[in-house]
Amino acid sequence: MAEADLRGGLKGVRLSYGGATVEVALFGAHILSWTTPGASGAPVERLWLSSCSPLDGSAPIRGGIPIAWPQFATDGAMPLHGFARERLWAVVDSSDDAAHASASLTLELSDSPHTADGTWRSPAAPPFPWRFRLRLKVTLGATHLQLALEATNLGRAAMGGEESAERMAFTTCLHTYFRSADSTQVRLSGGLQGVQFVDKVDGMKVKRHGVDVASQTPDSLTVEEAAMESNGFVDRIYCHENPSKGIAQVLHVGRGLDPSAPEAESTYDLHQSAGFSNTVVFNPWKEGKRGPAHPDFDDDGYKYMICVEPAVAKPSQAVELKQGESWKGECLISIRN
Ligand SMILES: O=P(O)(O)OC[C@H]1O[C@@H](O)[C@H](O)[C@@H](O)[C@@H]1O
1 MAEADLRGGL KGVRLSYGGA TVEVALFGAH ILSWTTPGAS GAPVERLWLS
51 SCSPLDGSAP IRGGIPIAWP QFATDGAMPL HGFARERLWA VVDSSDDAAH
101 ASASLTLELS DSPHTADGTW RSPAAPPFPW RFRLRLKVTL GATHLQLALE
151 ATNLGRAAMG GEESAERMAF TTCLHTYFRS ADSTQVRLSG GLQGVQFVDK
201 VDGMKVKRHG VDVASQTPDS LTVEEAAMES NGFVDRIYCH ENPSKGIAQV
251 LHVGRGLDPS APEAESTYDL HQSAGFSNTV VFNPWKEGKR GPAHPDFDDD
301 GYKYMICVEP AVAKPSQAVE LKQGESWKGE CLISIRN
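Position 127 (the sequence shown) corresponds to 127 in full-length UniProt numbering; numbering is contiguous.
Right under this line is the structure:
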């Protein structure tokens, strides 16, 4: 599949199927855009991307779908979200699959001396002394987008082929920024109902149904049994006790995504596979990601986005792989309307 100049100075690949398109930058295997035809036939963008984000490979991209790996957020010694979103990936496969009415693209990131010794950042980040293979398979159908992330431990770096008994540990997420026309209309229901979560905006308290599990004090944010309303600063790590069948949710982003049909509602069915033990829900609202401290995030960006992120977020539940072992996490986003 031909590589193209995407927006800014970024190189990448445009994948199309059944009127839908997805743009994947080689920088970070970052999904910049996912569109489907609206009522008038014009493309409707499904992902939020900050208009202030540098798109030249000089810094991580805000919006779209960044991949956090081998560290989620700042829960570890590495800089925010690790290095995968700041490295150049290579396209290793692409195909059309008529039987499954989709087209797909696979990108790969391998270790380098810079990931091993931390010099992918300046000043240097902590070393990640592993040989690894990280693959992202992007599958696009007329009304769905599927992402499969696979990590393999190929051994300890600088061991000269000698087997290591140590385990490669990582946390990760597919940091999906959904676009909405009005964040106050966003509703998330289904698989997060009654699930315990860590509230990052309230001192990392562990809560369930919006109630502090330790003190039983009601949360300041309204959380209904069946639906979560995005109406304030939300940064939560939901911890699934038994994700063996995966987690299904319904994300309703309300009206107005399609300018040619402003009254039409937009709803997604989300499914994350058992590989992801957490779901992160994030909207920085007025309190976060604005102003001079966050120049790459639109000041009013919080009004138009919600992140629902399949993740392995908690360091205590990090994936640990022996040499030769692989881990896989998949998510499927299907457009209901
Ligand atoms: O790097 P980005 O896209 O600005 O996202 C950062 C945010 O990512 C979220 O996944 C975390 O839960 C937040 O705590 C963090 O602030």
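Don't be surprised by glycine CBs; every beta carbon is placed ideally from N, CA and C.
Contact annotation: the region 264 to 280 touches the region 300 to 314, with at least three C-beta pairs closer than 8 Å. Taking the Cβ of P60 as the reference point, at least one heavy atom of ligand 1 falls within a distance shorter than 7 Å. In this model, R7 and L55 are separated by some 7 Å (Cα to Cα). With respect to L26, K11 sits close: the two C-beta atoms are nearer than 8 Å. Using a C-beta cut-off of 8 Å, the region 94 to 105 makes no contact with the region 150 to 165, since fewer than three inter-stretch Cβ pairs fall below that distance. In the displayed model, A99 falls within a helix according to three-state DSSP.
Put simply, the backbone Cα of R336 is about 42 Å away from that of A125.
Distance from the CA of K245 to the CA of Y177, rounded to the nearest whole angstrom, comes to 24 Å.
Residue side-chain check: C307 places its Cβ nearer than 7 Å to a non-hydrogen atom of ligand 1. A90 is classed as exposed because its beta carbon has fewer than 16 other beta carbons within 10 Å across all chains shown. Closest by C-alpha distance to M168, out of E320, E330, E23, E86, is E320. Residue environment for G9: exposed (fewer than 16 other C-beta atoms within 10 angstroms of its C-beta).
For V280, the distance from the CB to the nearest heavy atom of ligand 1 is below 7 Å. For A116, the enclosing alpha helix (DSSP H) begins and ends at 113 to 117. In the DSSP assignment, W327 forms a beta bridge with A151.
With a cutoff of 7 Å, D202 does not count as near ligand 1, since its C-beta is closer than that to no heavy atom of the ligand. Per DSSP, reduced to three states, the secondary structure at T74 is coil, with no helix or strand assignment. With fewer than 16 other Cβ atoms from the protein chains shown falling within 10 Å of its own Cβ, M204 counts as exposed. At a Cβ-Cβ threshold of 8 Å, R85 and G28 count as neighbours.
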